[in-house]
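In terms of full-length UniProt numbering, the sequence shown has 10 at position 10, counting the first letter as 1, and numbering is strictly consecutive. We put the beta carbon where it would ideally sit given N, CA and C, even for glycine. If you're wondering where the values come from, they're calculated on a predicted model, not measured in any experiment.
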Amino acid sequence: MAMASTLVQPLYCSTPAFQSALTRSPAAPSTSSKLTSWNVKRTSAFFGDSFYTRFAFRGAVKWRVAEERSMRRKAVGVVQAKRMESSADVATRAPDFQLVEPLTGDTWELEDFEAFPALLVMFICNHCPFVIHLKKDLVKLANSYQPRGLQIVAISSNSVVTHPQDGPEFMAEDAKTLRYPFPYLYDETQEVAKAYGAVCTPEFFLYKKEGPRPFELVYHGQYDDSRPGNDIPVTGRDIREAIECVLSGRRISFPQRPSIGCSIKWAPGSNT
C-alpha cells in the first residue's frame with residue numbers, strides 16, 4: 001500500500017458492471033477436516049474472557065475463538081482513488097484452486113465446498129489497513145452464516161518479495177491470533193488471484209450453488225461503507241444483504257458497489 005506520510009491511497013476493485021457506480025461517486029485449532037455437510041451443530045461455552053464456538057463436522061470438533069486483538073490502524077485521509085478493471089463478471093463460474101493453508105499445512109480445493117449452497121471467496125492479506133479494519137467483523141460474519149450453510153475461504157496472493165509480512169509464516173500467525181473460523185490460504189504463484197480477476201485486498205466474491213451446477217458468481221462488491229478513518233461503523237451491511245439473498249433463494253437486486261483497498265502486490269516482473 002502506497003503511503004504518503006499518514007495518508008492512504010486506496011484502490012477501487014471493479015468490473016465493467018460497476019462503472020456507473022464508480023462514476024456516480026495455546027495451539028491453534030485445525031481446519032483439516034473437510035466440510036461435507038452444512039447441517040452444523042453449535043455449542044458454546046465461556047472460558048475466561050474468550051468465547052469459544054464449537055462446530056461439529058462429521059464427528060470432528062473444531063474450536064474457534066471469536067476474539068481478536070485490537071489491530072486497527074487509523075488512516076487519516078484518502079488522497080487519491082484508483083480504479084482497476086477486474087475480469088470477474090456476475091454469473092461466471094468459480095475457478096478451481098488447490099492451495100495450502102499455512103496454519104495447518106492442509107491443501108484445500110474448490111470441490112471441498114461442493115456440498116454447500118454458498119461460498120464466499122475473500123482476497124485479503126496481513127498488512128493492508130483496509131483489511132485490518134474489517135478483520136474482527138470477518139470473524140463475526142463467519143460465525144453468523146457458516147451454521148446456515150455459507151462457507152468462507154480467505155486467500156492471500158501478495159508477493160513475499162515486496163511484502164514479506166504477508167508471507168505464509170505470518171499468515172499462520174494471523175490466523176492463529178485471530179482464530180479465523182475459515183481456512184486462510186496462500187496463493188504463492190498468484191495464479192488463483194489472476195483466475196478470479198482479483199485486483200485488491202479486501203475483495204469479495206460470493207457464489208451460489210444449486211444442486212450439481214457449478215458455483216455461480218452472484219455478488220462482487222464491497223463489504224460495507226466503512227473505511228479506515230471515515231468513522232462509519234463496520235457492519236458488513238452489503239455483504240450480509242447479499243448472503244441473505246443467496247441463502248433465501250432471492251435475487252440480488254441492490255447496487256453492487258466496488259470494494260476499495262490496497263492493490264494486490266504482484267511479483268516483480270509478473271507483467272500484471
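- For the set P233, P168, C262, L103, the Cα lying nearest the Cα of P202 is the one of C262.
- Rounded to the nearest whole angstrom, the C-alpha separation of L119 and Y207 is 5 Å.
- Residue pairing from DSSP places V153 in a beta bridge opposite V121.
- When beta bridges are read from the DSSP output, K208 appears opposite A118, E216.
- Inclusion of F123 and G149 in the CB contact set at 8 Å is not warranted, their separation being larger than that value.
- Along the length of the region 168-255, whole alpha helix (DSSP H) runs at least 4 residues long occupy 168-178, 191-196, 237-247, reported in chain order.
- Collapsing the DSSP output to three states places E109 in a strand.
- From the listed residues E169, K209, D174, C125, the smallest Cα separation to T92 is found for K209.
- For L138, no beta strand (DSSP E) encloses it; the enclosing alpha helix (DSSP H) starts and ends at 135-145.
- Looking at the DSSP output, V100 sits in a beta bridge with T107, Y186.
- The residues D137, L141, Y223, D224, in chain order, have a CB closer than 6 Å to that of G236 in the same chain once the five nearest residues on each side in sequence are set aside.
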